[in-house]
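Contents: one structure, followed by commentary.
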Amino acid sequence: MLGFSSVARAQADLPPPPPTTFEEDLIEGNKNISRFFDSFAGGLDLFLAGQQYTDKANTTTAVFETSAYYNSKEGLQNDISFDFNLRLPNVEEYWQVTFTSYDETAERGVSQEYLRSTPRTRNPGATFGFMKQLGNVRTSFQPRLSFAGSFKISHTLTFESIAEQSKTYRINPKLQFYADADKGTGMFQGLNFNFSLSRYYSLTFVNEGDYVDREHTYTVTNGVALGQWFSRTANLSYNVFFTSTNRPNYQLYSYNLSVAFSQILYKNILDYQIQPLLDFSQKYDFAVNPGANFHLYIRF
Numbered sequence: 360m361l362g363f364s365s366v367a368r369a370q371a372d373l374p375p376p377p378p379t380t381f382e383e384d385l386i387e388g389n390k391n392i393s394r395f396f397d398s399f400a401g402g403l404d405l406f407l408a409g410q411q412y413t414d415k416a417n418t419t420t421a422v423f424e425t426s427a428y429y430n431s432k433e434g435l436q437n438d439i440s441f442d443f444n445l446r447l448p449n450v451e452e453y454w455q456v457t458f459t460s461y462d463e464t465a466e467r468g469v470s471q472e473y474l475r476s477t478p479r480t481r482n483p484g485a486t487f488g489f490m491k492q493l494g495n496v497r498t499s500f501q502p503r504l505s506f507a508g509s510f511k512i513s514h515t516l517t518f519e520s521i522a523e524q525s526k527t528y529r530i531n532p533k534l535q536f537y538a539d540a541d542k543g544t545g546m547f548q549g550l551n552f553n554f555s556l557s558r559y560y561s562l563t564f565v566n567e568g569d570y571v572d573r574e575h576t577y578t579v580t581n582g583v584a585l586g587q588w589f590s591r592t593a594n595l596s597y598n599v600f601f602t603s604t605n606r607p608n609y610q611l612y613s614y615n616l617s618v619a620f621s622q623i624l625y626k627n628i629l630d631y632q633i634q635p636l637l638d639f640s641q642k643y644d645f646a647v648n649p650g651a652n653f654h655l656y657i658r659f
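Here this note's numbering is used: the first residue of the sequence shown is 360, the next is one more, and so on.
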């Protein structure tokens with residue numbers, strides 16, 4: 360009893376732990392939510408598989424994105440989206456399902472990867488992905504079930520590869536066939552060339568086309584992106600893109616200039632991008648239309 364009392368008094372005399380900072384609370388909260396998603400995915404994986412067939416780590420991820428888009432012609436627009444990528448390695452090595460508040464299979468090309476300047480269309484649904492590596496070609500077949508208003512089904516078949524000619528030169532060909540419940544069938548082609556100029560600079564030539572059968576439109580985008588890295592967590596991308604279309608005849612539809620600054624605040628937790636831009640579009644008689652985009656990503 361004397362020993363217990365001495366320990367109790369010693370513990371009582373210890374100073375209280377220092378208060379945690381907002382940064383520490385943010386990181387700890389992110390870890391707790393990530394553990395919840397991992398535990399849910401792991402339990403579902405074992406339930407469906409019946410037993411453990413692989414020791415591969417479960418790479419289930421969830422991403423919240425909040426965005427703001429501004430230009431002088433249309434004003435300010437806001438957008439919030441969610442992406443939950445469920446991986447079940449014991450069920451099937453090349454199978455995955457993704458739940459999103461938008462159609463991620465429709466995100467193709469420059470308009471989404473380099474210069475997304477309008478909010479995503481609200482289209483919650485689930486995408487089932489079947490992946491297979493055929494030599495140097497990565498193949499994926501992705502049926503998607505949409506829950507927006509009425510049930511709709513779309514399909515995407517993608518072939519993509521990266522051919523490295525040397526340590527400083529890569530070619531990225533991509534071919535995608537898709538069938539959309541609203542737009543009909545279509546085909547996307549991309550052929551990008553990437554050059555590593557130095558440790559801090561890279562140059563990418565972008566060439567892509569998108570054909571929509573129902574509308575008989577063919578949209579082509581050509582441009583160049585110069586990347587500058589300041590560190591492993593911060594970089595700038597200087598972009599110039601030209602877009603042409605075949606309606607009513609083949610002609611230049613728009614061109615834009617932008618600078619995108621991206622920074623990772625906390626690895627696999629928090630990052631953002633700020634992108635001022637100048638847009639010249641046929642829609643506004645090619646008058647200058649300044650604007651800026653902002654994206655904030657929270658990852659679990």
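Here a beta-carbon is modelled for each residue, glycine too, at the ideal position from N, C-alpha and C.
- request: With distances taken Cα to Cα, identify the nearest neighbour of Ser557 among Glu567, Phe489 and Gly586.
  value: Among Glu567, Phe489 and Gly586, the Cα nearest to that of Ser557 is on Gly586.
Exercise for the section: Note the first and the last residue of the continuous beta strand (DSSP E) segment covering Gln535. Expected result: Element bounds for Gln535: Tyr528 to Asp539.
| task | Please determine, among Phe500, Ala651 and Met546, the residue with the shortest C-alpha to C-alpha distance to Asp572. | result | Looking at the Cα atoms, Met546 is the closest of the given residues.
(Q) Between the alpha carbons of Ala408 and Tyr597, how many angstroms are there, rounded? (A) Confidence is the limiting factor: at Ala408 the pLDDT is only 48, short of 50, which leaves the residue's position unreliable, though a coordinate-based value still follows. If you take the alpha carbons of Ala408 and Tyr597, they lie about 47 Å apart.
By the DSSP assignment, the beta strand (DSSP E) with Ser520 in it spans what residues? Element bounds for Ser520: Lys511 to Ser520.
Query - Separation of Gly568 from Gly543, as counted between CA atoms - result: Roughly 17 Å between the two C-alpha positions.
**Q.** Beta-carbon gap between Gly650 and Asn430 smaller than 8 Å
**A.** With respect to the 8 Å criterion, Gly650 and Asn430 are classified as neighbours on the basis of their beta carbons.
| field | Beta-carbon proximity list for Thr498, same chain, < 6 Å, skipping 5 on both sides | value | Answer for Thr498: Lys491 and Phe518, listed in chain order.
**Item:** Enclosing beta strand (DSSP E) for Pro607 [first to last residue]
**Value:** Annotation: Pro607 is outside any beta strand (DSSP E) and is labelled neither H nor E by DSSP.
* **Local conformation of Gly650 per DSSP, three classes** => Strand.
Notebook entry, point to check: Just to confirm, are Asn615 and Gln634 a CB contact at a threshold of 8 Å?
Noted result: Not closer than 8 Å, so no.
- Can you tell me whether Ala540 is buried or exposed, with buried defined as 16 or more other CB within 10 angstroms of its CB? Exposed, since its Cβ has fewer than 16 Cβ neighbours within 10 Å.
Whether Asn566 touches Lys432 by CB criterion (8 Å):
Taking 8 Å as the Cβ cut-off, Asn566 and Lys432 do not qualify as a contacting pair.
#### Entry: For Lys533 and Asn495, the rounded distance between their alpha carbons
Spanning the alpha carbons of Asn495 and Lys533 requires a straight line of approximately 12 Å.
### Task
Per DSSP, which residues does Arg503 bridge with? Please list them.
The partner list for Arg503 (beta bridge, DSSP) reads Thr486 and Ser513.
Backbone CA spacing between Arg606 and Thr576 [nearest angstrom]:
Rounded to whole angstroms, the gap between the alpha carbons of Arg606 and Thr576 is 7 Å.
Taking only the alpha-carbon atoms, compute the straight-line gap between Lys642 and Ala619 and give it to the nearest angstrom. Approximately 24 Å, taken between the alpha carbons.
Please report the distance separating the alpha-carbon of Thr604 from that of Ser613.
Spanning the two alpha carbons is a distance of roughly 9 Å.
- Can you tell me which of the three DSSP states Lys542 falls into? In the structure shown, Lys542 sits in coil (DSSP, three-state: anything other than H, G, I, E or B).
Given a cut-off of 8 Å on the beta-carbon distance, is the pair Phe536 and Leu550 in contact?
No; because the gap between Cβ atoms is not below 8 Å, this pair is not in contact.
- prompt: Does the distance from the C-beta atom of Ser617 to that of Leu636 stay below 8 Å?
  reply: The answer is yes: Cβ separation under 8 Å.
(message) I want to see whether chain D comes within less than 8 Å of Ile521, judged by CB atoms only; does it?
(response) The chain labelled as chain D is not found in the depicted structure, where only one protein chain is given.
Exercise for the section: Might you give, ordered along the chain, the residues of its own chain that have their beta carbon closer than 6 Å to the beta carbon of Ser621, omitting 5 neighbours on each side? Expected result: Here the set comprises Asn594 and Gln632.
Hey, quick one: how far does the beta strand (DSSP E) through Asn430 stretch, first residue to last?
Segment Thr420 to Asn430, the beta strand (DSSP E) holding Asn430.
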